[in-house]
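**Q** Let me give you the structure first, and then I'll get to my questions.
Numbering (the numbering used here), first residue to last: 110 to 610.
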């Protein structure tokens with residue numbers, strides 16, 4: 110008996126073959142595009158340093174806000190022939206400084222009722238006295254009429270820290286203090302050699318949202334604000350520090366100063382961002398990020414004057430994912446001493462997320478309008494071999510390139526005899542951002558990152574998965590139906606008569 114062969118109709122077979130071919134070509138399309146400068150979202154001309162085969166280039170903000178891979182896999186450097194050159198990635202463009210912590214006790218500054226607040230200390234000198242076995246700092250009222258008061262009426266107006274023994278520059282300091290609940294407190298830090306002439310170092314606002322937290326900064330969950338006060342590597346050798354906090358009921362015990370040996374890391378790369386308007390909830394702002402680059406920090410500045418809002422920052426990569434806590438802080442804009450103060454950046458620890466939610470404390474009034482937001486990234490640089498002829502082009506941002514393969518070589522393979530931090534001694538090539546070729550263009554003088562509301566529906570990834578699943582089910586159903594249709598007439602056909610003998 111002869112076997113029966115089943116054939117699909119030619120149009121159907123051709124359609125199925127074309128669909129399979131399209132899927133296979135689509136899977137290889139991203140890999141092919143990775144070697145084409147035109148496939149990238151931005152192309153920036155590069156000016157090489159003279160006569161140096163190995164060079165480095167800092168990645169500008171325009172590149173960082175277009176990357177679609179958290180590991181920077183969709184960045185390339187092309188020569189004039191359109192060929193990618195060998196390169197490696199250095200995560201931070203400068204060596205981290207060696208740091209040490211020094212704890213300094215506080216000596217209370219005592220003064221009479223005529224010296225209340227920071228303004229009462231201006232123009233006055235201090236003197237250190239021993240009282241009942243402990244060192245206190247008195248306001249020197251000699252020759253200053255109207256400032257002396259009865260000894261029993263003296264109160265604490267601030268604190269003095271003895272930093273004269275510090276030999277290294279001071280990068281930052283953290284205050285050990287108990288704050289009044291629900292009241293923003295402005296701390297002012299000044300330095301002096303002689304306790305008479307004072308130089309302003311820094312100001313910050315701290316806030317305690319609840320009435321229970323009275324522990325040091327490292328253990329106070331209700332403490333919000335910039336616990337680390339940036340002193341910008343101040344040289345405090347042979348100096349005293351004066352810390353004042355106005356008339357707030359503060360218990361101040363001391364401070365931890367962090368000294369820094371050697372050069373610190375470079376400044377972070379900042380990028381302006383447009384923010385979508387607030388919705389119906391003034392305590393919640395949700396927006397999308399069009400890139401996958403890890404974010405080091407957000408600079409969140411509320412609109413208006415004399416505004417303070419405790420916030421939480423949360424992030425996720427798609428709508429089906431739960432929100433993850435990234436940071437808590439107090440954001441503010443205040444007028445103090447005739448000048449405006451704003452909070453520092455909110456550190457996110459290098460989170461790579463596609464959606465961010467900023468939640469205001471339920472006990473606050475929230476935001477009157479969407480706050481100003483700026484993005485901050487850790488600096489990064491490429492180390493590359495300038496092979497081939499120019500002009501050279503820095504390209505970044507491959508659409509759909511979350512699966513792009515990284516082209517980075519280990520620095521030890523790229524730099525002969527490589528030593529740690531050797532890349533920072535290489536000649537520096539420059540990216541001419543002003544002549545960048547951007548796919549789709551960008552508003553001149555506008556924010557680097559456009560406003561984008563978070564998606565309310567299914568994510569793009571979910572739509573693609575559902576489409577592939579439905580297409581596969583439809584194809585299998587069609588094939589089964591056609592096979593059944595061809596098989597049925599054959600099984601019902603009458604048997605052939607036996608051959609005549």
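Just so you know, even glycine gets a beta-carbon here, dropped at the ideal spot from N, CA and C.
Going along the chain, which residues of its own chain have a beta-carbon closer than 7 Å to the beta-carbon of residue 506, five neighbours each way excluded?
**A** Taking the chain shown and counting its residues from 1, one reaches residue 506 at position 397. Closer than 7 Å at Cβ, skipping near neighbours: 149, 150, 151, 175, 176, 177, 183.
**Q** Give me the Cβ distance between residue 499 and residue 188, rounded to the nearest whole Å; I'm assuming they're in contact under 8 Å.
**A** Here residue 499 refers to the residue found at position 390 when the chain shown is read from its first residue. Here residue 188 refers to the residue found at position 79 when the chain shown is read from its first residue. With 8 Å as the limit, residue 499 and residue 188 qualify as a contact, their Cβ atoms being about 7 Å apart.
**Q** For residue 278, collect the residues of the same chain with a Cβ closer than 7 Å to its Cβ; drop the 5 residues on either side in sequence, then sort them by chain order.
**A** By 1-based counting over the chain shown, the position of residue 278 is 169. Hits under 7 Å: 342, 343, 344, 368, 369.
**Q** Mind reading off the beta-carbon distance from residue 298 to residue 350? Whole number of angstroms is fine, and I expect it under 8 Å.
**A** Translated into the one-based positions of the chain shown, residue 298 becomes position 189. Translated into the one-based positions of the chain shown, residue 350 becomes position 241. 6 Å between Cβ atoms; contact.
**Q** Under the three-state reduction of DSSP, which class applies to residue 297: helix, strand or coil?
**A** Residue numbering aside, residue 297 sits at position 188 when the chain shown is read from its first letter. Three-state DSSP puts residue 297 in a strand.
**Q** Enumerate in chain order the residues of its own chain whose CB-to-CB distance from residue 156 is below 7 Å, with the five nearest sequence positions on each side excluded.
**A** Stepping through the chain shown from its first residue, residue 156 is reached at position 47. Correct list, in chain order: 538, 539, 541.
**Q** Looking at the unbroken alpha helix (DSSP H) that takes in residue 172, where does it start and where does it end?
**A** Start at 1 with the first residue of the chain shown, and residue 172 comes out as number 63. Taken as a continuous stretch (DSSP letters only), the alpha helix (DSSP H) holding residue 172 covers 170-173.
**Q** Is it buried or exposed, residue 549, if we count other Cβ atoms within 10 angstroms and call 16 or more buried?
**A** Numbered from 1 along the chain shown, position 440 holds the residue referred to as residue 549. Burial call: exposed.
**Q** Leaving aside the five residues before and after residue 276 along the sequence, list all residues of the same chain whose C-beta is less than 7 Å from its C-beta, in chain order.
**A** The residue given as residue 276 occupies position 167 in the chain shown. Within the same chain, residue 276 has close Cβ partners 346.
**Q** Out of 496, 159, 458, which one is the CA nearest neighbour of residue 195?
**A** As a working mapping, residue 195 is identified with position 86 in the chain shown. Of 496, 159, 458, the residue nearest in Cα terms is 496.
**Q** Since residue 214 sits in a beta bridge, which residues does DSSP pair it with?
**A** Position 105 of the chain shown, counted from the first residue, corresponds to residue 214. Beta-bridge pairing links residue 214 to 363.
**Q** Considering only their Cβ atoms, is the gap separating residue 311 from residue 340 smaller than 8 Å?
**A** Within the chain shown, numbered from 1, the residue matching residue 340 stands at position 231. Within the chain shown, numbered from 1, the residue matching residue 311 stands at position 202. With respect to the 8 Å criterion, residue 340 and residue 311 are classified as neighbours on the basis of their beta carbons.
**Q** Go ahead and label residue 535 buried or exposed: buried means 16 or more other beta carbons lie within 10 angstroms of its beta carbon, across all protein chains shown.
**A** If you number the chain shown from 1, residue 535 lands on position 426. Classification of residue 535: buried, given that the 10 Å Cβ count is 16 or more.
**Q** Give me the residue from 293, 271, 283 with the minimum Cα distance to residue 300.
**A** Counting from one through the chain shown, the residue named residue 300 turns up at place 191. Among 293, 271, 283, the Cα nearest to that of residue 300 belongs to 271.
**Q** Would you kindly work out how many angstroms separate the C-alpha atoms of residue 167 and residue 524, rounded to a whole number?
**A** Within the chain shown, numbered from 1, the residue matching residue 167 stands at position 58. Within the chain shown, numbered from 1, the residue matching residue 524 stands at position 415. One C-alpha to the other measures close to 17 Å.
**Q** Once you ignore the five residues that flank residue 210 on each side, which residues in its own chain have a CB closer than 6 Å to its CB?
**A** Reading the chain shown from its first residue, position 101 is the one you call residue 210. Once the five neighbours on either side are set aside, the close Cβ partners of residue 210 are 365, 367.
**Q** Check whether the segment 397-406 touches the segment 466-482, counting contact only when three or more Cβ pairs, one atom from each stretch, lie closer than 8 Å.
**A** no
**Q** What is the DSSP secondary structure of residue 402, counted as helix, strand or coil?
**A** If you number the chain shown from 1, residue 402 lands on position 293. Coil.
**Q** Express the C-alpha separation of residue 386 and residue 412 in angstroms, rounding to a whole number.
**A** To locate residue 412, count along the chain shown from 1; it is residue 303. To locate residue 386, count along the chain shown from 1; it is residue 277. Roughly 12 Å between the two C-alpha positions.
**Q** Does any residue of chain B bring its CB to less than 8 Å from the CB of residue 290?
**A** Among the chains of the structure shown, chain B does not appear; only one protein chain is present.
**Q** DSSP on residue 534, reduced to helix/strand/coil?
**A** Counting from 1 along the chain shown, the entry for residue 534 is found at position 425. Residue 534: helix per DSSP, three-state reduction.
**Q** With DSSP as the reference, label residue 473 as helix, strand or coil.
**A** Locating residue 473 in the chain shown gives position 364, where the first residue counts as 1. It is coil, neither helix nor strand.
**Q** Can you say whether residue 590 is buried or exposed, counting buried as having 16 or more other CB atoms within 10 angstroms of its CB?
**A** The residue given as residue 590 occupies position 481 in the chain shown. Exposed: under 16 other Cβ atoms inside 10 Å.
**Q** Does DSSP put residue 322 in a helix, a strand or coil?
**A** For the purposes of this step, residue 322 is taken as residue 213 along the chain shown, with counting starting at 1. Any answer about residue 322 is weak, because its pLDDT of 42 lies below 50 and its placement is not dependable; what the coordinates show is given next. Looking at residue 322 - three-state DSSP - the assignment turns out to be coil, as it is neither helix nor strand.
**Q** In three-state terms, what does DSSP make of residue 514?
**A** If you number the chain shown from 1, residue 514 lands on position 405. Coil.
**Q** Can you give the Cα-Cα distance for residue 208 and residue 376, rounded to whole angstroms?
**A** To locate residue 208, count along the chain shown from 1; it is residue 99. To locate residue 376, count along the chain shown from 1; it is residue 267. Going by the C-alpha atoms only, they are around 17 Å apart.
**Q** Identify the residues that DSSP records as bridge partners of residue 184: which are they?
**A** Translated into positions along the chain shown, residue 184 becomes position 75. Looking at the DSSP assignment, residue 184 forms a beta bridge with 505.
**Q** Can the beta-carbon of residue 425 be found less than 8 Å from the beta-carbon of residue 154?
**A** Position 316 of the chain shown, counted from the start, is the residue given in the question as residue 425. Position 45 of the chain shown, counted from the start, is the residue given in the question as residue 154. Contact: no.
**Q** Helix, strand or coil: which one does DSSP assign to residue 421?
**A** Looking up residue 421 in the chain shown gives position 312. Strand, per DSSP.
**Q** Looking only at its chain, what residues have a beta carbon closer than 6 Å to the beta carbon of residue 443, apart from the 5 residues adjacent to it on each side?
**A** For the purposes of this step, residue 443 is taken as residue 334 along the chain shown, with counting starting at 1. These residues qualify, in order along the chain: 415, 450.
**Q** Would you report the Cα separation of residue 358 and residue 286, rounded to the nearest angstrom?
**A** In the chain shown, the residue the question calls residue 358 occupies position 249. In the chain shown, the residue the question calls residue 286 occupies position 177. Going by the C-alpha atoms only, they are around 10 Å apart.
**Q** Let me check understanding here. Comparing Cα to Cα, which of 315, 161, 160, 389 lies closest to residue 293?
**A** In the chain shown, the residue the question calls residue 293 occupies position 184. Checking every option, the nearest Cα to that of residue 293 belongs to 315.
**Q** From the DSSP output, in three-state form, read off residue 580 for me.
**A** As a working note, residue 580 is residue 471 in the chain shown. Three-state result, residue 580: helix.
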